[in-house]
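Trainee: Numbered according to the working numbering, the sequence shown spans residues 3 to 260.
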Amino acid sequence: MLTKRIIPCLDCNLSVSGGSVVKGVKFKQIRQTGDPVELAEEYYRQGADELIFLDITASHERRGSMLDVLKRTTENVFIPVTMGGGIRTLEDMQKALHSGADKVAVNTAAVKNPELVAKGSARFGGQCIVVAIDAKRNKDSWNVWIYGGREDTGMDAIEWAKKMENLGAGEIMLTSMDRDGTKEGYDLDLTKTISEELDIPVIASGGVGNLNHIYEAFDKGKADAALAASIFHFGTYTVGDVKKYLESKGVPVRPVDY
3 MLTKRIIPCL DCNLSVSGGS VVKGVKFKQI RQTGDPVELA EEYYRQGADE
53 LIFLDITASH ERRGSMLDVL KRTTENVFIP VTMGGGIRTL EDMQKALHSG
103 ADKVAVNTAA VKNPELVAKG SARFGGQCIV VAIDAKRNKD SWNVWIYGGR
153 EDTGMDAIEW AKKMENLGAG EIMLTSMDRD GTKEGYDLDL TKTISEELDI
203 PVIASGGVGN LNHIYEAFDK GKADAALAAS IFHFGTYTVG DVKKYLESKG
253 VPVRPVDY
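1) Between the region 237-244 and the region 158-178, do three or more beta carbon pairs fall short of 8 angstroms?
2) Could one say the Cβ of residue 211 lies closer than 8 angstroms to chain C's Cβ atoms, at least one of them?
3) With burial defined as no fewer than 16 other Cβ atoms inside 10 Å of the residue's Cβ, what is the status of residue 245: buried or exposed?
4) Is it right to say residue 110 is buried, meaning 16 or more other beta carbons lie within 10 angstroms of its own, or is it exposed?
5) Is the distance from the Cβ of residue 200 to the Cβ of residue 135 below 8 angstroms?
6) Contact check, residue 197 vs residue 223 under 8 angstroms by CB: the rounded distance?
7) Can you give the beta carbon distance from residue 45 to residue 234, rounded, assuming they're within the 8 angstroms contact cut?
8) How many Å lie between residue 9 and residue 122 at the Cα?
9) Please name the residue, chosen from 52, 158 and 96, that lies closest to residue 192 on a Cα-to-Cα basis.
10) I'd like to check one pair, residue 55 with residue 88: are the Cβ atoms closer than 8 angstroms?
11) Suppose you measure from the CA of residue 258 to the CA of residue 156; what does that come to, to the nearest Å?
12) Can you grab the Cα-Cα spacing for the pair residue 250 / residue 114, in whole Å?
13) According to the Cβ coordinates, are residue 75 and residue 42 closer than 8 angstroms?
14) How many angstroms separate the CA atom of residue 96 from the CA atom of residue 51?
15) Taking all protein chains shown into account, decide if residue 34 is buried (16 or more other Cβ within 10 angstroms of its Cβ) or exposed.
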C-alpha cells in the first residue's frame, strides 16, 4: 500500500529583506513566520516526506523565481522539493530543476499557456510537473483563480484538473482559497471530487488546523498527500506528531525516527 505523504509548504515573499516564509488567511492578512532555509531544514529533521516552496508574489510581480533559496536549501535537505511561483517557460523549469528542485509547480502560467504543461511533461517527465490549482467556491462548483488569488478565471476547477491530467501533469496541488489559513479543515467536498475524478495524485491544501483534519483529507477527501503550513510554522504540531496520529488511525505513512 502506498504511504500517504506529509508536505510542509513554505510560502515565500522575496520582497521582505532576505526573503521570508509568510502565512495568511484566505490569501490575505499576510505575516512573516521565519527564514525559508532554516524552516526547510527543520521540517526535514522532523521527517517531512517532501517540501513545497511557493514564491507567492512572483507571478503577480511578473518576475522570476527564488532559485538562490532553492539552491541553499537543497544543500542540506535530501527529500523531494517542489518549486513554484514565477515559472513561465521550459527554461524556467529547467533552471529550477538544475538548482535542486525535483518538481516544478505551475498555476498562472498553465492557465495562460496550457501547452507548457504538455511540453514540460514531454521534456522532463510527468513526475516533475505539478499543476497548482487555487480553487474558490462559486455556488455549487469551484472556480480557478490565478496571480496568487487575485484574478478569477471563471474556469471550473474540476474540468481544469482533468484537462491538466490529460496534458501530462503528474500531480495536482489543490488549494481551497475559502479554507486557506482558517484552521477549519480542508474543503473535503472539493478534495474528494477531484481526487475521484483523476488518476494522478492529489495534494490537499488549505485549512488544516488539527491532526484530525489531516486524517480526514485521506479518509474522506481521498487525497494522496496533505500539505500544511500554519500548524508547522507556528509550532502547533511537528511532522512527527502528525505521523504518530495517522499511524494510530491506521493510515500508512513513512516511518520517522522519533
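Glycine included, each C-beta is placed from N, C-alpha and C at the ideal position.
Mentor: Well, looking at it:
1) No, because fewer than three Cβ pairs between the region 237-244 and the region 158-178 fall closer than 8 angstroms, the two stretches do not touch.
2) In the displayed structure, chain C is absent; only one protein chain is listed.
3) When all chains shown are included, residue 245 counts as buried.
4) In this structure residue 110 is buried. Its beta-carbon is surrounded by 16 or more other beta-carbon atoms within 10 angstroms.
5) Not closer than 8 angstroms, so no.
6) Contact between residue 197 and residue 223 holds, since their C-beta atoms are separated by about 6 angstroms, short of 8 angstroms.
7) A Cβ-Cβ separation of about 6 angstroms places residue 45 in contact with residue 234 under the 8 angstroms criterion.
8) If I take the Cα positions, the gap works out to 23 angstroms.
9) The candidate whose alpha carbon is nearest that of residue 192 is 158.
10) No, they are not a contact pair.
11) The alpha-carbon atoms of residue 258 and residue 156 are separated by roughly 42 angstroms.
12) Approximately 44 angstroms between the Cα atoms of the pair.
13) Yes, they are a contact pair.
14) Rounded to the nearest whole angstrom, the CA to CA distance from residue 96 to residue 51 is 23 angstroms.
15) At residue 34, the pLDDT of 48 sits below 50, so the modelled position is not reliable and the matter cannot be decided from this model.
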